[in-house]
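Colleague:
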Amino acid sequence: MKWATGGWLVALLLAVGPLAVAQRSSERGARSAALAPCDADRDRGRAMLAAQCYRGVAAGADPAAQAEAYWMLGDLKAANERFREAVRLDPENPDLRVRWGHLYVESHQAAEAGQLFEEALELDEDHLPARLGMARVLASRFEGKAVELAEAALEDAPQGVEAHLLLGRMALEEGDLASARESLDEALANAAAAGVAPLEAYSLLASLEMLEGEPDNEWVRKALEYNPRYGEVYADQAHFYVITRRYREATERLRKAVAVAPRLWQAHAELGVNLMREGLDEEGRRHLEIAYRGDPYSAKTVNTLRLLDTYPRFETHRSAPAGDGDWPQAELRLDRDEAQLLLPYAMNLTLRAIDEFSDRYDFELQRPVRVELYPNHDDFAVRTMAMPGIGLLGVTFGYVVAMDSPSGREPGAFHWGTTLWHELAHVFTLEATDHLVPRWYSEGISMYEEWRADPRWGESVTPEYIQAVEEGQLLPVADLDRGFIRPRFPEQVVISYLQAGYICQLIAERWGEGKLLELLRGFADGRTTAENVRQVLGVAPEEFDKQFTQYTEESLGPAHGGLKRWRRSLQTALEAMRDEDWEAAMAAAEDAKAAYPQHVGAGCSYVLLATAHEESGRREQAIANLTEYERRRGRRPETLKKLARWLEEAGREAEALHTYEGLLYNWPQDEEVHRRLGELYLAAGRPDSAKREFEAVLALDPLDRVRAEFDLARAYVKMGQSARARLHVLRALERAPTYRPALRLLQQVRR
Amino acid sequence: MTLLAPAAGRAVLAWAALSALGALEATGATHFLVVEGLGGRRSYAEAFREQVETLLPVLRETAGESGSVRVAAGVEATAERVGSELEAISAALGPGDEVAVILIGHGSHDGRTYKFNLPGPDLTDRQLKAWLDAVPAARQLVVSTTSSSGGALATLKSPRRVVITATKNGRERNATVFGQYWVEAFSEPSADTDKNEAISALEAFRYAEDKVAAHFADSKRLATEHPQIEGQQPGSFLLARLGAAAELASDPRRRGLLERREALERNVADLAAGKESMSEGEYLDALQEVLLELAEVQEMIGGSEEEGP
């Protein structure tokens, strides 16, 4: 998975936030005693009896009890209205607002739920159910503060159930199985003591043992014995499979969930989304439609169905069958408006990645890799999380990669080549380990592979990372997954990506690249990170952390401790640039560069220096600075185009070609890049490549279509394909009959 | 763009421009009036002056001896002066002559009236319309590169007038970039999309429209201007000749060849119009035949040595 630079990340986990569970202890707000017999039937799966009982309560006069009864009967709208009435009649009662909040949790409206818990806390700041409700909302968003709230609640009520359940769930999500078991054992014991149904505790214990390798364990059996319709036990297991990216296994659990509980709408929705992750769109649609009929309030369900409706707009292109399997290794799903432009580049890159990664990770694909490029970022967001507005760039679900298309983002904001490469590396790390690879290692390998593929690719070290190093905020290798799953501060996810990448780089440099594969095999065998580091690298994880800290400080060079100087000098340089005092600007920008040479973000020293040198008539130095900017992963297309133009003007065509080629993976929508590349390829005697570029110009529906057709004809002439040349020159002349160069070319290729 | 949907527009309207060069010779001369409005800030004033200075030699070349180019700039560029210049143009008009008025500067719109900012009272869209309506030219072109210029579209619209504005309506009030690109079109070979060595009103508009869109996309800002074009056959309103076209247009010795070329261009257009009734092979063979003849005529005419393969 790749994030948008500077974007806030909510990990893939959002796709399946924990399912609401029918646990109705007073820790979730006090309820009418009249509901107790109904709850008992419901908890035991006696649906008919429960429904009859709830209908009786709904016919009563207490609006709070009515609300609960309607809720249990599935009429969320009536429940909402009754809660509103109950709160109107008893506005000072925090329990009512907490109960109403939980209704919102169940109807997928976490923000509204949070608001109600806040209101309850305004009425009583110590109100335990409200604090726990808030912790549950934050936990569903994978926010680190949830742990803090749950722990505080536990201190006040150590004999409670809810806080233990929440802590157990969050520990499971972070992969800390020992802590999870401790919390869940406590929850189970306290539930028994309090006479609360143990179903959620059973369910989470069932998930825990599933993560330990036994999906069909005694807790599943106990949960179903207690309530034969308790599909949540499987749905919970699926949730944990999804967050460990084991989608096939999740699908199998979800199928069981809907088999025992056909009216568990959220499980149908999750099953639908998960089937789509495996590329099984039609079956996915069927379950989403079932989910929608039962629960029309789920934005995830609605958004995903809408996305499915856009699929006829996409074209699927397959690579030629390869190898013994006689099946195509790559399938690209592209929006038909941009398929012609992107297909050659995306297909080449995908096949190159498959070739390299198959070799490096010693893994042969078992089925085609499907790459989906979405020009509408919200479609991509729905595809990956089922909710729009999420700042990710690409996500891999095993053999399916979904990502923004280059046109889904603004120029320079997204390097699609490096993103695709990153995601394709995930295909191999996930599939080679049967999805057992920990998140940090899969991300680390992907980051490392980006840097390895092209020095201009991958991410640069950010000021936030440097600051984290300086403040000792990097996580130990054995705990690095925590930085991805439940970040303690907003930048921690991005920092963890970089840290994971640098860890892989250190391993490759110090122990050799072969160890990366050995580690991957170790994860496939089920080893933990600590065990794997010890066994493969021959050092204790703590020792590895020490070595990594030293390596990081060395590789950061002057940037380690240099941020203050960098900021000061950069500010001086910008002010001098505004005053057009080029000499002063250059001196300050040189100092900023010396303090933090890796910085290529907005207002970087290299671009300032290039401008100042150019304004002072020193083109060579200007070129040198932009060349360094490019080498250090500078991304702004306009700046790189300027470099390419300057290189051409300086007669350095080969270097210009290199820069333009780099731009293809950054901003392929630029006509001028393709046109210049075409010309340079023609001049370099590479008409095949020139043809591809001139075809790209045509795919962009250029204003000057005549010139584009003519250029393509020229490429065909050089390739010796007169018939194709004639066709394209005639297409040019059809629009511009007096175009002299084309007329001359026609005379040359006439039939 | 209100003429046609963009994709279809490009393909179809290119034909309207095919005979632009010949059309000018056949119909009459073009009389240009360029008005440079107030810049306000120095940077704008300099930019407007530069645009006008770039434009004038191009228009003079196009107008030739039979047409005219009039300029109102600086303190003399009053609304009253615009009116008197249009009167003078009316008096000089010959049969088939065309008139183009180009407004470069800032504009405003108060919800009812568009105003072009000039020294003294501003020029309003109604004033301009009244004066233009009184000019008995065969065809007219009005180009306003100013902010809020779209607010004048409805008022200036007329069956014998092409109107080009930098903005979609009067509410797009920010200073525009359209003018700079519109002027740039006259020296940019890629703006000559039909490669007839001439830039028509439509080609200049298309070029500037593309550049404006790219300008905002590249600077990651929401576009604050959306250029508009209204009127019939803007592709046949010639604004500039490039390279040898200028020389050819004024050479009476080559008139016969130019007429022959025009006839062949029409043949190409006719063939394209009947394309659906032939197989692709037949069409391409027929097209090739006409074009090879046209190539010979072009060689006899001589002229531009644009880069070839």
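Heads up: the protein sequence lines correspond to chains A and B, in order. The first sequence maps to residues 1 to 751 in the numbering used here. The second sequence maps to residues 1001 to 1309 in the numbering used here. All C-beta atoms in this analysis are idealised placements derived from N, C-alpha and C, irrespective of residue type, glycine included.
1) When the Cα atoms are used, what is the spatial distance from A/Glu449 to A/Ile507?
2) Using beta carbons (cut-off 7 Å, strictly below), is A/Arg731 in contact with chain B?
3) For a contact meaning CB atoms closer than 7 Å, what does B/Leu1287 contact in chain A?
4) Any C-beta of chain E sitting closer than 7 Å to the C-beta of A/Leu393?
5) Roughly how many angstroms separate the alpha carbons of A/Ala206 and A/Leu349, rounded to a whole number?
6) At the 7 Å Cβ level, is B/Val1268 part of the contact set with chain A, yes or no?
7) Are the C-beta atoms of B/Gly1022 and some chain A residue less than 7 Å apart?
8) Could you pull the start and end residues of the beta strand (DSSP E) that A/Asp335 belongs to?
9) Tell me, please, whether the segment 1160 to 1174 of chain B touches the segment 671 to 685 of chain A by the rule of three or more beta-carbon pairs shorter than 8 Å.
10) According to DSSP, what are the bridge partners of A/Met403?
11) Interface residues of chain B around A/Gln747 at Cβ under 7 Å?
12) For B/Leu1209, which residues of its own chain have a beta-carbon under 6 Å away from its beta-carbon, when the five flanking residues on both sides are left out?
13) Going straight from the alpha carbon of A/Pro388 to that of A/His377, what length do you get?
14) Straight-line CA distance for A/Asp481 to A/Trp440?
15) Under DSSP, the alpha helix (DSSP H) around A/Ala291 begins and ends at which residues?
16) If I measure Cβ to Cβ from A/Met347 and keep anything under 8 Å in the same chain, skipping five residues before and after, which residues do I get?
17) Between A/Asp581 and the ligand NAD, is there a pair consisting of the residue's CB and a ligand heavy atom that are separated by less than 6 Å?
18) Rounded to the nearest angstrom, how far is the Cβ of A/Tyr596 from that of A/Ala559, given a contact under 8 Å?
19) Within the segment 78 to 122 of chain A, note down every full alpha helix (DSSP H) run reaching 4 residues or more, in order along the chain.
20) With distance defined between alpha-carbon atoms, name the residue in B/Thr1078, B/Ala1092, B/Ala1091 nearest to B/Gly1105.
21) Anyone know if the C-beta pair for A/Asn303 and A/Gly45 falls short of 7 Å?
22) Please tell me whether B/Leu1141 and B/Phe1237 are closer than 7 Å, where the distance is taken between their beta carbons.
23) Starting from the Cα of A/Glu48, find the closest Cα among A/Leu73, A/Ile466, A/Glu615, A/Ser32 and give me that residue.
24) Under 7 Å Cβ-Cβ, which residues of chain B neighbour A/Pro558?
25) Taking A/Ala432 as the reference, give the member of A/Leu420, A/Trp451, A/Gln366 with the closest Cα.
26) Just the C-alpha distance for A/Gly575 and A/Arg246, rounded to the nearest angstrom, thanks.
27) In angstroms with no decimal places, state the Cα-to-Cα distance between A/Val369 and A/Gly394.
28) Does the Cβ of B/Gly1037 have 16 or more other Cβ atoms within 10 Å, making it buried, or fewer, making it exposed?
29) Anyone know if the C-beta pair for A/Phe357 and A/Phe240 falls short of 7 Å?
30) From B/Glu1299 to A/Gln747, what does the alpha carbon distance come to, in whole angstroms?
31) Measure the C-alpha to C-alpha separation of A/Gly562 and A/Ala589 and round it to an integer number of angstroms.
32) Which two residues bound the contiguous beta strand (DSSP E) that contains B/Val1143?
33) On the DSSP bridge assignment, give the partners of B/Leu1123 in chain order.
34) So what does DSSP say about A/Phe363, is it helix, strand or coil?
35) Is it right to say A/Arg486 is buried, meaning 16 or more other beta carbons lie within 10 angstroms of its own, or is it exposed?
36) Name the DSSP bridge partner or partners of B/Ala1072?
Modeller: A quick look at the data gives this:
1) 13 Å
2) Interface criterion not met: the Cβ of A/Arg731 is under 7 Å from no Cβ in chain B.
3) Leu730, Glu734
4) The structure shown has no chain E; the protein chains it does contain are A and B.
5) 42 Å
6) yes
7) Because the pLDDT of B/Gly1022 is 44, which lies under 50, any placement of that residue in the model is unreliable, and the number read from its coordinates should be weighed accordingly. With 7 Å as the cut-off, B/Gly1022 does not count as an interface residue toward chain A.
8) 330 to 335
9) no
10) A/Leu373, A/Gly394
11) Leu1292, Ala1295
12) Per the sequence shown, residue 1209 of chain B should be read as Glu rather than Leu. Excluding sequence neighbours, B/Glu1209 sits near Pro1227.
13) With a pLDDT of 49 at A/Pro388, under the threshold of 50, the modelled position of that residue is not reliable, and no figure is offered here.
14) 5 Å
15) 281 to 294
16) His317, Ser319, Ala330, Leu332
17) The ligand content of the structure shown is nil, which means the ligand NAD is not present either.
18) 5 Å
19) 94 to 106
20) B/Gly1105 has its Cα closest to that of B/Thr1078, out of B/Thr1078, B/Ala1092, B/Ala1091.
21) no
22) yes
23) Here residue 48 of chain A is Met; the residue named in the question, Glu, does not match the sequence. When each option's Cα is compared against that of A/Met48, the closest is A/Leu73.
24) Within 7 Å Cβ-Cβ: nothing; A/Pro558 doesn't reach chain B, min ~31 Å.
25) That would be A/Gln366, whose Cα lies nearest to the Cα of A/Ala432.
26) It should be pointed out that residue 575 of chain A corresponds to Glu in this sequence rather than to Gly. Their Cα atoms are separated by approximately 53 Å.
27) 14 Å
28) buried
29) Going by C-beta atoms, A/Phe357 is not nearer than 7 Å to A/Phe240.
30) 12 Å
31) 14 Å
32) Annotation for B/Val1143: the continuous beta strand (DSSP E) segment containing it runs 1139 to 1144.
33) Residue pairing of B/Leu1123 in beta bridges, as defined by DSSP: B/Phe1116.
34) DSSP places A/Phe363 outside both helix and strand once states are collapsed to three, so it counts as coil.
35) buried
36) B/Val1035
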